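Colleague: The structure's right below; bear with me while I get my questions together.
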Amino acid sequence: MLKQILNEFLSIEGVIAAALIGHDGFVIEVIQTDFVDTDALGALCSGLLSFFEHEGRILEMGHIRQIALEYRAGTLILTPITSEEFLAVLTRTSAGLGHLNYSLPKISSWIRALI
69 MLKQILNEFL SIEGVIAAAL IGHDGFVIEV IQTDFVDTDA LGALCSGLLS
119 FFEHEGRILE MGHIRQIALE YRAGTLILTP ITSEEFLAVL TRTSAGLGHL
169 NYSLPKISSW IRALI
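Count along the sequence shown from 1, then add 68; that gives the number in my numbering.
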């Protein structure tokens, strides 16, 4: 069921991967259209999330709602799902980002309800 929900992301233009990842970096489930080193994705995203959570506490900004890192070749978006898991979505272009930002809360709530 989780794979079917994550598959919703592949219908969005430019999305090449979506993964549910534990805060420890363990990739729980992933879907992808292009090769993505999922072990590296899990480890790197876990580190990024920990860093920005710590920064938020120091600056008294509260909990993270979303992290978006834009690169020349695409975008990485991290969204906390629960206190133990987060969603990572990787795109290869900036196309479809509006649709992705619109769809993220809806799909995230489906995942939250499932787990």
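Just so you know, even glycine gets a beta-carbon here, dropped at the ideal spot from N, CA and C. Treat the numbers as computed from the prediction; the structure is a model and nothing was measured.
Sort Ala141, Ile84, Ala156 and Arg140 by Cα distance to arginine 11 and report the nearest one.
Modeller: With the chain running from 69 to 183 in the structure shown, residue 11 is simply not present.
Colleague: Only counting the same chain, and skipping five residues up and downstream in sequence, which positions put a Cβ closer than 7 Å to that of serine 147?
Modeller: By 1-based counting over the sequence shown, the position of residue 147 is 79. The question names serine, yet the displayed sequence has threonine at residue 147. Excluding residues within five positions, the ones whose Cβ falls inside 7 Å are Gln134, Phe154, Leu155, Leu172 and Ser176.
Colleague: Where do the ends of the alpha helix (DSSP H) carrying glutamine 72 lie?
Modeller: The residue you call residue 72 lines up with position 4 of the sequence shown. Here the alpha helix (DSSP H) through glutamine 72 covers 70-75.
Colleague: Tell me whether phenylalanine 154 sits in a helix, a strand or coil according to DSSP, three-state version.
Modeller: Within the sequence shown, numbered from 1, the residue matching residue 154 stands at position 86. Strand.
Colleague: Quick check: the Cα distance between leucine 112 and glycine 93, rounded to an integer number of angstroms?
Modeller: The sequence position of residue 112 within the sequence shown is 44, counting from 1. The sequence position of residue 93 within the sequence shown is 25, counting from 1. If you take the alpha carbons of leucine 112 and glycine 93, they lie about 8 Å apart.
Colleague: Give me, in chain order, the residues of the same chain whose beta-carbon lies closer than 6 Å to that of tryptophan 178; leave out the 5 immediate sequence neighbours on both sides.
Modeller: If you number the sequence shown from 1, residue 178 lands on position 110. These residues qualify, in order along the chain: Ile73.
Colleague: Determine the burial state of alanine 86: buried for a count of at least 16 other Cβ atoms within 10 Å of its Cβ, exposed for fewer.
Modeller: Translated into the one-based positions of the sequence shown, residue 86 becomes position 18. By the neighbour-count rule (16 or more Cβ atoms within 10 Å), alanine 86 is buried.
Colleague: Who are the near neighbours of arginine 160 in its chain, counting only those whose CB is closer than 8 Å to its CB and skipping five residues on each side?
Modeller: Working through the sequence shown from its first residue, we reach residue 160 at position 92. Contacts found: Gly82, Ile84, Asp102, Ala141 and Gly142.
Colleague: Please state whether the Cβ-Cβ distance between leucine 109 and leucine 158 is less than 9 Å.
Modeller: One-based indexing of the sequence shown puts residue 109 at position 41. One-based indexing of the sequence shown puts residue 158 at position 90. Yes, the pair counts as a contact, with Cβ atoms nearer than the cut-off.
Colleague: What's the gap between the Cα of glutamine 100 and the Cα of serine 79?
Modeller: On the sequence shown, residue 100 is found 32 positions in, with the first residue counted as 1. On the sequence shown, residue 79 is found 11 positions in, with the first residue counted as 1. Going from the Cα of glutamine 100 to the Cα of serine 79 covers about 11 Å.
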